[in-house]
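Chemist:
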Amino acid sequence: MTLLVHCSLSKIGWICGGPVTVIQVLLDLLGPDGTLIMPSHTSDNSDPKYWQNPPVPSEWFDIIRKSMPGYQSDITPTRYMGLVAETFRKWPGVLRSEHPQHSMIAFGKKAKLIIDKHNDSCSEQSPLARLYDCQDNGYVLLLGVKHENNTSLHLAEYRFQINNNLEKNFINGASILNRQTNTRQWIEWNDYDYTAEDFNQIGYAFDSIEGNTNIGNVGLAQSRLMKQYLLVDFALQWMNKNRIKQ
Numbered sequence: 001m002t003l004l005v006h007c008s009l010s011k012i013g014w015i016c017g018g019p020v021t022v023i024q025v026l027l028d029l030l031g032p033d034g035t036l037i038m039p040s041h042t043s044d045n046s047d048p049k050y051w052q053n054p055p056v057p058s059e060w061f062d063i064i065r066k067s068m069p070g071y072q073s074d075i076t077p078t079r080y081m082g083l084v085a086e087t088f089r090k091w092p093g094v095l096r097s098e099h100p101q102h103s104m105i106a107f108g109k110k111a112k113l114i115i116d117k118h119n120d121s122c123s124e125q126s127p128l129a130r131l132y133d134c135q136d137n138g139y140v141l142l143l144g145v146k147h148e149n150n151t152s153l154h155l156a157e158y159r160f161q162i163n164n165n166l167e168k169n170f171i172n173g174a175s176i177l178n179r180q181t182n183t184r185q186w187i188e189w190n191d192y193d194y195t196a197e198d199f200n201q202i203g204y205a206f207d208s209i210e211g212n213t214n215i216g217n218v219g220l221a222q223s224r225l226m227k228q229y230l231l232v233d234f235a236l237q238w239m240n241k242n243r244i245k246q
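Structure representation (structure tokens):
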């Protein structure tokens, strides 16, 4: 099994060993032939003109762009990913993709295949698409979180925008470390303006179909296990029917 986990440790309740125990249990369940994946996003490594929590004065924008440390897969911490993902990032043998904002971390048999060549945030050149390629062997576990945190739905969103010939009109930015010169560099690229506003609606519609989602409690946390490719295919159909194509 190749498993992408989104986890809220606090929702589970007290665990002896905390995040280390959660990770070890997941790895033990997957076994030597399995692969564990988690998001390791760095949303703070972004253009400050888009910041909202909190916003910063416009006169700070250039200063922040010039001062932001360049993304380094081995040391840059996660942001808003939770204690389990941040602990897993530092786990011996874990590999991390090179995308400066939407990186993913993986450990196990398919780890290198999953994280390699992550050239676009949530596209066909992303770990989400490599998990989709696993088909019946690729799963998502929402451990104490809702579908609004279900990153795989962004792959469906990407395909929706591609299929409807929508333009990449969102100018994204991030700081990277140029490993050849060992210098910090600010880069910009055209991207889609991803949103999770309807993800809970999509996810609960998916859950309502018998056989799609195994729902139960892990500790105190309501959790969901599902095949990722079924979720993505369903979400794409839902978006084609319900999202405005503009």
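Each residue of the sequence shown is one higher than the one before, starting from 1 at the first, in this note's numbering. Even for Gly, the Cβ is constructed at its ideal location relative to N, Cα and C. Since the structure is predicted, the reported quantities are computational estimates derived from the model, not experimental observations.
1) Counting only the same chain and skipping the five closest in sequence on each side, list residues whose C-beta sits under 8 Å from that of Val56.
2) What does a CB cutoff of less than 7 Å around Asn119 pick up in its chain, not counting 5 residues either side in sequence?
3) Please go through the same chain and pick out, in chain order, the residues whose beta-carbon is closer than 7 Å to the beta-carbon of Val22, but skip the five residues on each side of it.
4) According to DSSP, is Ala85 part of a helix, a strand, or is it coil?
5) Sort Asp62, Thr2, Asp136 and Leu113 by Cα distance to Asp233 and report the nearest one.
6) Beta-carbon within less than 7 Å of Glu148's beta-carbon, same chain only, minus the 5 sequence neighbours each way: which residues are those?
7) Within the same chain, show all residues whose beta-carbon is closer than 7 Å to that of Gly93, passing over the 5 residues directly before and after it, in chain order.
8) Leaving out five residues on either side along the sequence, give the residues of the same chain with a beta carbon under 7 Å from the beta carbon of Leu230.
9) Is it buried or exposed for Phe170, if we count other Cβ within 10 angstroms and need 16 for buried?
10) Which runs of the alpha helix (DSSP H), 4 residues or longer, sit entirely within the region 40-89?
11) Would you mind reading off the limits of the alpha helix (DSSP H) that contains Ser10?
12) Tell me whether the beta-carbon of Ile115 lies closer than 8 Å to the beta-carbon of Leu141.
13) My output table needs one value for Gly304: the three-state DSSP class, helix, strand or coil.
14) Relative to the C-alpha of Glu44, which residue among Gln237, Tyr80, Ile162 and Leu29 is closest?
15) Taking C-alpha atoms, which residue in Leu225, Ala205 and Tyr204 lies nearest to Asn214?
16) Quick check: what's the CA-CA separation for Asn242 versus Ser208?
17) Identify every residue that forms a DSSP beta bridge with Trp186.
Modeler: Inspection of the coordinates gives the following:
1) Position 56 of the sequence shown, counting from 1, holds the residue named residue 56. Excluding positions up to five away in sequence, the list reads Pro48 and Ile64.
2) Sequence index remark: in the sequence shown, residue 119 carries index 119 (1-based). The residues are Gln125.
3) The residue given as residue 22 occupies position 22 in the sequence shown. So the list reads Cys7, Leu9, Ile15 and Val84, once near-sequence residues are dropped.
4) In the sequence shown, residue 85 corresponds to position 85, counting from 1. Helix.
5) Translated into positions along the sequence shown, residue 233 becomes position 233. When only C-alpha atoms are compared, the closest one is Asp136.
6) Residue numbering aside, residue 148 sits at position 148 when the sequence shown is read from its first letter. Correct list, in chain order: Ala196, Phe199 and Asn200.
7) Sequence index remark: in the sequence shown, residue 93 carries index 93 (1-based). For Gly93, where only same-chain residues beyond five positions count, the Cβ hits under 7 Å are Phe107.
8) Taking the first residue of the sequence shown as 1, we reach residue 230 at position 230. Result list for Leu230: Asn212, in chain order.
9) Within the sequence shown, numbered from 1, the residue matching residue 170 stands at position 170. Result: exposed.
10) Fully contained in the region 40-89 are the following alpha helix (DSSP H) runs of length 4 or more, in chain order: 61-67 and 83-89.
11) As a working mapping, residue 10 is identified with position 10 in the sequence shown. From DSSP, the alpha helix (DSSP H) with Ser10 extends over Leu9 to Ile12.
12) Within the sequence shown, numbered from 1, the residue matching residue 115 stands at position 115. Within the sequence shown, numbered from 1, the residue matching residue 141 stands at position 141. Judged by beta-carbon spacing, Leu141 lies beyond the 8 Å limit of Ile115, meaning their Cβ atoms are not closer than that value.
13) One cannot answer for residue 304 here, as it falls past the ends of the chain, which runs 1 to 246.
14) Within the sequence shown, numbered from 1, the residue matching residue 44 stands at position 44. It should be pointed out that residue 44 corresponds to Asp in this sequence rather than to Glu. Looking at Gln237, Tyr80, Ile162 and Leu29, the one whose alpha-carbon comes closest to that of Asp44 is Tyr80.
15) Translated into positions along the sequence shown, residue 214 becomes position 214. The candidate whose alpha carbon is nearest that of Asn214 is Leu225.
16) The residue you call residue 242 lines up with position 242 of the sequence shown. The residue you call residue 208 lines up with position 208 of the sequence shown. Pairing Asn242 with Ser208, the inter-Cα distance amounts to about 17 Å.
17) Translated into positions along the sequence shown, residue 186 becomes position 186. Looking at the DSSP output, Trp186 shares a beta bridge with Ser175.
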